[in-house]
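**Q** Got a structure here, written out as structure tokens. Questions coming.
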């Protein structure tokens, strides 16, 4: 019986694809950013650059109207995050959609 070399790679290719598949929507990812790189418009939307995770396909997180900011355990307007640029923050986001859920910091 002769096995074709391409057939030997099929299981490797299949399992490799499964291992790097994107997480389902709703899976929360979190990370600490040592230096916040933020672009925020007046309507409260924008992006946070250099936000990646091991199983994510993106390198930024989208700030949406649903995104929240918490400072010292108190909810504040997201626009306050502009003043945190270049400083450390903690973010929680949807790993598949890359939408920011919450940004936290202490003052």
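In this note's numbering, the protein residues as written are 1 to 107. Beta carbons are placed, not taken as given, at the ideal position from N, Cα and C, and that holds for glycine. On a predicted model such as this, the values are computed, not experimentally measured, just so you know.
#1: DSSP puts residue 48 in a beta bridge; with which residues?
#2: For the candidate residues 94, 96, 80, whose alpha-carbon lies nearest to that of residue 36?
#3: Does residue 57 pass the burial test, meaning 16 or more other C-beta atoms within 10 Å, or should it be called exposed?
#4: Find the nearest neighbour of residue 72 within the set 48, 94, 104, judged by alpha-carbon distance.
#5: Could you tell me whether the Cβ atoms of residue 70 and residue 100 are closer together than 8 Å?
#6: Where do the N-terminal and C-terminal ends of the beta strand (DSSP E) with residue 78 fall, by residue?
#7: Checking 8 Å against the spacing of the C-beta atoms, do residue 47 and residue 60 come in under that value?
#8: Where do the ends of the beta strand (DSSP E) carrying residue 68 lie?
**A** The structure says:
#1: 38, 61
#2: 80
#3: exposed
#4: 104
#5: no
#6: No beta strand (DSSP E) contains residue 78, which DSSP labels as neither H nor E.
#7: yes
#8: 68-71
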